[in-house]
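Worksheet: one structure, shown below.
Protein chains: 4
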Amino acid sequence: MPKTAFKADLSRAPEQAKIKTHNRWHPDIPMVEMFRPGDEFRVECFDWTGGQITNNDSANDVRDVDLTRVHYLSGPFGVEGAEPGDILVVDLLDVGALPESPWGFTGIFARENGGGFLVDHFPKARKAIWDFHGIYCTSRHVPNVRWAGIIHPGLIGTLPSRELLERCNKREAELIATDPNRVPPLAVPPYADTALMGQMTDKKAQDAAKEAWRTVPPREHGGNCDIKNLSRGSRVYFPVYVKGAGLSMGDIHWSQGDGEITFCGAIEMAGFLDIGIDLIKDGVNKYGLVNPIFQPSPIEPHFSEYLVFEGISVDEKSGKQFYLDAHVAYRRACLNAIEYLKKFGYSGEQAYVLLGTAPVEGRISGIVDIPNACCTLAIPTEIFDFDIRPNASGPTRSVTAGVDVVATS
Amino acid sequence: MPKTAFKADLSRAPEQAKIKTHNRWHPDIPMVEMFRPGDEFRVECFDWTGGQITNNDSANDVRDVDLTRVHYLSGPFGVEGAEPGDILVVDLLDVGALPESPWGFTGIFARENGGGFLVDHFPKARKAIWDFHGIYCTSRHVPNVRWAGIIHPGLIGTLPSRELLERCNKREAELIATDPNRVPPLAVPPYADTALMGQMTDKKAQDAAKEAWRTVPPREHGGNCDIKNLSRGSRVYFPVYVKGAGLSMGDIHWSQGDGEITFCGAIEMAGFLDIGIDLIKDGVNKYGLVNPIFQPSPIEPHFSEYLVFEGISVDEKSGKQFYLDAHVAYRRACLNAIEYLKKFGYSGEQAYVLLGTAPVEGRISGIVDIPNACCTLAIPTEIFDFDIRPNASGPTRSVTAGVDVVATS
Amino acid sequence: MPKTAFKADLSRAPEQAKIKTHNRWHPDIPMVEMFRPGDEFRVECFDWTGGQITNNDSANDVRDVDLTRVHYLSGPFGVEGAEPGDILVVDLLDVGALPESPWGFTGIFARENGGGFLVDHFPKARKAIWDFHGIYCTSRHVPNVRWAGIIHPGLIGTLPSRELLERCNKREAELIATDPNRVPPLAVPPYADTALMGQMTDKKAQDAAKEAWRTVPPREHGGNCDIKNLSRGSRVYFPVYVKGAGLSMGDIHWSQGDGEITFCGAIEMAGFLDIGIDLIKDGVNKYGLVNPIFQPSPIEPHFSEYLVFEGISVDEKSGKQFYLDAHVAYRRACLNAIEYLKKFGYSGEQAYVLLGTAPVEGRISGIVDIPNACCTLAIPTEIFDFDIRPNASGPTRSVTAGVDVVATS
Amino acid sequence: MPKTAFKADLSRAPEQAKIKTHNRWHPDIPMVEMFRPGDEFRVECFDWTGGQITNNDSANDVRDVDLTRVHYLSGPFGVEGAEPGDILVVDLLDVGALPESPWGFTGIFARENGGGFLVDHFPKARKAIWDFHGIYCTSRHVPNVRWAGIIHPGLIGTLPSRELLERCNKREAELIATDPNRVPPLAVPPYADTALMGQMTDKKAQDAAKEAWRTVPPREHGGNCDIKNLSRGSRVYFPVYVKGAGLSMGDIHWSQGDGEITFCGAIEMAGFLDIGIDLIKDGVNKYGLVNPIFQPSPIEPHFSEYLVFEGISVDEKSGKQFYLDAHVAYRRACLNAIEYLKKFGYSGEQAYVLLGTAPVEGRISGIVDIPNACCTLAIPTEIFDFDIRPNASGPTRSVTAGVDVVATS
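Residue numbers (our numbering), protein chains in the order written: chain G, 3 to 411; chain P, 3 to 411; chain C, 3 to 411; chain V, 3 to 411.
What follows is the structure, encoded as structure tokens:
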């Protein structure tokens with residue numbers, strides 16, 4: 003086990019920690035520690051809400067979570083010799099739960115709190131708790147399923163340059179300006195009040211916080227990509243934007259379906275990452291890198307049986323036709339899958355949570371056949387303890403009755 | 003080998019065939035033949051252009067293809083006992099090339115002819131020819147790659163009901179009306195002149211042709227889904243909309259990347275399908291079916307090494323931020339992959355064709371992290387005869403020089 | 003489709019064919035045709051018994067098969083420039099059934115006729131017929147299973163040199179001499195009477211037949227390896243022993259379990275191979291080749307769920323302990339699996355046939371833990387239409403009653 | 003993380019531990035702790051030599067290891083309600099290294115010390131040390147390879163009944179009697195001197211030790227099966243022979259090739275297992291269980307490219323023909339692979355160690371084609387950092403020079 007470069011003490015709020023996390027991105031956040039190419043180190047991370055969600059049977063905490071404070075990131079870690087234009091090679095040698103915290107949670111956010119992909123269908127706060135059993139997970143709120151997690155950091159990236167910082171702030175501000183009062187909002191602008199700026203302090207931190215990125219979206223540096231296949235065992239290539247690179251990470255997921263559709267949609271947890279680092283000098287230019295690229299892990303589960311749902315870009319409510327809109331098409335695929343799963347006894351909310359957490363594959367299958375995009379959602383049938391495939395006699399209500407994802411109280 | 007229910011004589015134009023294909027969808031197209039649940043039969047199909055594209059080294063035919071005539075479908079085949087509300091279970095027992103036609107083609111359509119997913123980057127007609135070698139394909143126009151095809155019908159579906167026909171015509175007309183002169187168009191309305199209505203004749207056919215669907219988009223009955231994983235060995239569940247179901251198919255692909263991004267983007271070919279059929283009575287209601295669902299094939303190649311490109315929903319030209327737009331995000335992922343492949347010596351057009359034809363996985367990885375959708379495109383590294391993974395010394399120009407996809411003359 | 007270099011006319015006995023097969027190996031068998039490195043060609047093959055087994059419901063033909071006549075090989079095909087010491091690179095581009103013969107058979111051989119791996123348990127002749135449905139097979143004699151074949155030639159190899167011919171004849175004669183009257187025999191010596199020597203004729207053929215190898219065992223040139231993973235899409239590297247190499251093949255299997263335990267144990271069929279050839283000059287020396295090596299196919303089915311049976315090297319009847327004997331250990335694993343399958347309603351003979359035909363994995367798991375070898379046999383659970391995994395309530399008799407593999411009459 | 007039921011203090015010899023391990027099997031060894039069906043618990047284990055092998059660069063410790071003391075097992079753990087004839091269902095929920103011991107070792111045993119599968123070729127003591135990097139391992143003694151471990155217990159089983167104890171003692175004694183002075187021996191009889199009998203003490207322990215099984219071979223209760231696929235995430239079904247079942251385990255491997263051919267052939271390590279238990283009452287009878295059966299893990303790496311070596315049952319030295327001897331055939335496959343790997347620069351000993359430790363597949367491919375068994379050994383090509391596939395120009399010496407597995411000093 004490599005040395006632990008960042009310690010997450012789950013017994014108190016991250017705001018009280020000695021080595022501070024950061025929940026904003028800014029070029030000037032100081033490095034926590036410098037490493038050399040070839041080094042390996044362990045990083046512990048808080049769950050993305052920093053402990054705001056607890057292992058109980060009420061969704062009040064999901065309803066009340068303060069989303070301006072989230073994504074308590076561990077880092078940034080500096081790399082000697084790294085310069086803008088290099089590629090930072092990051093091996094996710096291992097990712098796992100912390101021994102003292104063998105559980106995770108999934109939330110459906112209420113519309114007022116950002117909502118999720120299917121907010122119009124599931125507008126209220128809900129929560130499910132998951133327990134880990136070695137490589138497997140189960141939930142007391144979503145019965146009759148069990149699978150091996152594809153554990154991954156939802157969020158990992160390098161520090162942005164000033165140029166990138168400003169460019170993204172500008173483009174996001176322009177988007178917000180097109181509908182500034184929308185609920186949920188189109189994007190989230192810088193917000194200094196709850197900013198944690200890592201080891202940056204005082205006036206400098208306060209000034210930086212006013213322009214620092216929120217951590218919600220992925221950007222050219224990586225960030226909150228929420229890619230389930232960027233998992234333990236994968237190798238990631240990040241563009242370097244500042245001297246020393248500055249690698250930070252957090253928002254660890256035990257498992258996630260493509261799209262992370264409930265927004266707080268993965269199985270969220272505190273955990274650790276074992277990181278190996280290396281450099282490709284001038285790699286951005288050599289390889290034409292814009293966004294990160296990666297090689298997935300050899301130990302991703304390979305399921306051999308899936309049930310696949312199609313969706314096309316026609317709005318489910320109005321029947322309105324959209325033009326090659328993969329967002330709408332994937333939403334329809336998800337809704338189709340949810341209706342199907344309900345036939346076996348799941349509540350809509352349980353099915354929604356399942357699609358956000360299980361290793362489902364969300365694909366852009368056809369994107370040129372005007373006017374319909376065709377997206378597919380593939381559910382591995384082996385995660386269920388009953389047979390979900392269609393047959394002549396129709397679905398059997400196989401889901402344990404009397405349990406559901408939990409509501410607010 | 004089951005009996006051949008539909009014969010495609012490639013030596014003459016499909017318009018000259020004795021048993022006529024259809025290139026429109028309409029509830030009243032007569033069944034070619036009736037089958038019983040449990041039956042198996044073979045169906046031969048013309049390539050989607052009905053022979054308009056030839057195995058030569060000029061893209062003139064791609065430039066000149068008449069897109070109002072395309073999708074020469076074999077069928078419809080009727081199923082005894084099938085009624086609206088049933089599910090038609092279709093086993094794609096086998097799909098393959100015709101012995102006399104062991105080759106396929108990929109076209110990049112010019113903007114004037116519909117364009118493709120990256121029409122702003124590749125606005126001109128181009129063509130690549132592929133040769134089949136048993137389960138593998140190679141191209142004299144795209145060197146240094148070879149892979150096993152995931153052979154599938156781009157287009158397969160059941161006859162629509164009148165209600166569905168009218169509903170879709172209406173919603174597509176409304177979309178067209180928002181920008182009726184757009185090039186390429188937003189959608190394609192009914193067009194009687196070049197309609198082939200199968201065994202329907204005379205006045206009845208002429209009238210039906212005026213309202214019959216064009217075959218371009220997938221719809222609730224299946225149709226032109228272009229899903230690469232709906233391949234030989236898969237089982238598909240279609241909603242039945244008319245008495246007898248009416249299953250038709252065509253547009254066979256030797257191989258396709260997710261999205262079929264060059265539009266004529268798969269490796270297009272004439273071929274055959276071995277079909278097995280069965281029924282689930284009242285299945286639509288029992289399983290809540292809206293669009294088709296399917297189980298993929300056990301013999302899809304499982305690659306263990308991929309290189310994955312990320313893209314986010316920021317326009318590549320203007321830098322404009324889009325809101326959770328998976329279309330834009332996937333376009334960026336594709337463009338990132340193309341830039342990368344160019345570093346090894348491929349032309350942009352070759353790389354574009356590769357992404358449309360090779361078994362690349364296009365995923366909606368994150369669709370809730372406002373404002374950026376994050377899509378990924380995964381390329382199996384094993385299809386190349388050189389190592390495309392990043393390394394410290396940078397890419398080596400490994401692609402055979404002096405060949406390219408072909409242009410118009 | 004490449005040109006057909008060898009035609010198998012199934013309407014008459016192979017002895018009556020114009021271009022003769024060979025059922026012995028000898029250095030001097032003339033080449034059927036010469037090819038150049040880079041060439042591709044199609045080869046049709048008789049089933050291994052040359053049509054002695056028919057698609058009916060009696061095992062009389064299995065009981066009566068003349069095993070001195072079997073393995074009607076297509077070839078040898080010569081390669082220009084091939085010399086002893088080279089490696090012949092053979093691409094199995096495709097392997098499949100002949101359109102006019104979409105079925106196969108599996109036999110259990112009687113003790114008097116060679117028996118099989120479990121001859122002491124199943125000493126009588128039995129037969130099962132399999133029907134092909136596209137990529138899948140089913141049997142009217144072994145119900146409730148269906149799977150995609152890993153189609154492969156049981157037998158493929160290059161012509162031996164005179165030195166190799168004599169060396170193997172000598173070592174096999176020495177083995178036979180240790181127990182010359184054993185039933186079944188330890189090995190089969192040359193036997194001229196029923197020899198087919200391809201295009202070799204007259205006195206020369208008669209003389210050669212007296213020393214020519216029988217085709218039963220695999221040897222250093224390849225031959226009857228019966229490796230299920232040497233399948234359509236694989237690439238094989240053969241040592242070249244004579245000028246021109248001389249590649250012959252036959253004994254095509256639709257599917258086989260590791261070990262081919264019923265002896266006539268695969269799903270045997272007539273079929274075709276599409277072959278691509280190339281040379282590595284002086285490859286035997288360069289790579290230290292003794293036996294052939296190969297790269298398996300990318301389209302082998304990858305099952306994700308198996309049930310695995312262990313066996314150790316203790317004889318099932320006497321309880322006698324054997325020393326690291328993988329033969330005994332694998333037999334025990336097979337017997338354990340058969341007993342298990344019987345609990346669901348299969349007859350012992352059906353289960354035996356299943357293990358010989360389905361894509362089961364037979365592994366030497368431990369071979370050093372004195373005195374027990376530990377072998378395992380892994381059955382993919384997905385080939386059954388019921389759940390064969392253990393559970394608390396015990397096995398359910400799920401196998402269709404009233405059918406069985408067929409006996410002699 | 004479940005509660006730790008057994009603690010392995012690596013800082014001192016297992017003989018000094020408070021809760022004693024056992025290195026013999028006997029029906030009367032007392033349970034360490036009782037659990038109920040449904041319980042989960044963690045078990046720590048010493049490496050199989052109990053710390054006799056150290057992380058240094060001399061093989062003296064491998065040469066000097068006392069093999070009468072080995073297999074320090076943690077347990078037995080009892081299960082309430084378990085009775086003879088039941089099946090004990092064991093979930094290997096997780097298996098891993100201990101944080102304080104992120105390394106493992108592989109030994110080649112000298113002939114005098116038991117030797118290995120290829121003892122006639124590699125008769126001297128050798129050692130390689132492996133370092134763990136998250137899910138991957140590398141070795142300073144075997145360069146240019148890196149792979150993800152399929153972590154598993156080499157040894158796990160239930161307590162034998164008295165009847166089974168005596169039966170196995172008898173059959174093994176009879177084998178030994180056939181050649182009692184053989185080096186290495188045919189089997190190892192009970193040996194009281196170095197026996198550790200767990201919590202059994204005094205006279206009772208001394209008496210039991212005289213008849214207790216040595217732990218070397220697998221037997222009907224499981225034991226030292228050394229099956230690489232019985233790995234983290236798998237579910238194993240053990241016959242119960244005594245009241246309470248008595249589950250013990252140890253000999254954890256980070257990775258092993260099929261056969262574990264160097265004897266101390268896996269990557270041996272101390273580690274932990276997270277165990278879940280359940281019962282199938284009367285399961286032995288219900289399912290006809292003789293040896294354990296299991297379902298493998300969904301997170302085993304699935305490699306898509308292998309290089310496969312064939313071997314047949316002809317002795318490499320004398321050229322003698324053996325009758326369907328899978329032991330000889332697998333040895334030839336291993337030797338063929340070693341010769342091949344040497345062409346790239348590995349020493350024979352390095353190649354030998356590689357085959358024993360990397361996730362190679364050893365298969366009984368053909369076992370009926372008299373007189374040759376055909377075994378295959380499949381090496382995943384992706385574990386190498388160079389291309390090991392054959393090509394026209396021949397192998398390149400790619401292995402880092404100047405390092406080798408270590409010898410005695």
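Here a beta-carbon is modelled for each residue, glycine too, at the ideal position from N, C-alpha and C.
Cβ of residue i within 8 Å of any chain P Cβ
i, result
"Asp122 of chain G", "no"
"Glu318 of chain V", "no"
Cβ of residue i within 8 Å of any chain C Cβ
i, result
"Glu302 of chain G", "no"
"Arg234 of chain P", "yes"
"Met3 of chain P", "yes"
"Val370 of chain V", "yes"
"Lys129 of chain V", "no"
Beta-carbon separation (whole angstroms), residue i vs residue j, contact threshold 8 Å
i, j, result
"Lys322 of chain C", "Arg173 of chain V", "6 Å"
"Asn58 of chain V", "Thr410 of chain V", "That belief does not hold up - the Cβ atoms of Asn58 of chain V and Thr410 of chain V are roughly 12 Å apart, past 8 Å."
"Ala328 of chain C", "His329 of chain V", "5 Å"
"Ile152 of chain C", "Gly224 of chain C", "Incorrect: roughly 18 Å between the Cβ atoms, too far for contact."
"Ser103 of chain G", "Met271 of chain G", "7 Å"
"Pro382 of chain V", "Glu307 of chain V", "7 Å"
"His28 of chain C", "Asn226 of chain C", "Not confirmed; about 15 Å, so no contact."
Within-8 Å CB hit, residue i to chain V
i, result
"Ser306 of chain C", "yes"
"Asp68 of chain G", "no"
"Glu384 of chain P", "yes"
Per DSSP, the bridge partner or partners of residue i
i, result
"Ala99 of chain C", "C:Gly273"
"Met202 of chain V", "In the DSSP output, where bridge partners are listed per residue, Met202 of chain V has none listed."
"Tyr239 of chain C", "C:Val91, C:Ile295"
"Gln323 of chain P", "P:Val316"
"Leu281 of chain C", "C:Leu90"
Where residue i sits in the DSSP three-state scheme
i, result
"Lys172 of chain V", "helix"
"Ala189 of chain C", "coil"
"Cys336 of chain G", "helix"
"Ala211 of chain C", "helix"
"Ala419 of chain C", "Nothing about residue 419 of chain C can be reported from this structure: the residues present for chain C run from 3 to 411 only."
Min CB distance residue i to chain G below 8 Å
i, result
"Met171 of chain P", "Just to set this straight, residue 171 of chain P is Asn in the shown sequence, not Met. Taking Cβ atoms only, chain G never reaches closer than 8 Å to Asn171 of chain P, which makes this a no."
"Val292 of chain P", "yes"
Runs of 3 residues minimum, wholly inside the region 380 to 405 of chain C: which ones carry the beta strand (DSSP E) assignment?
You should have found no qualifying run.
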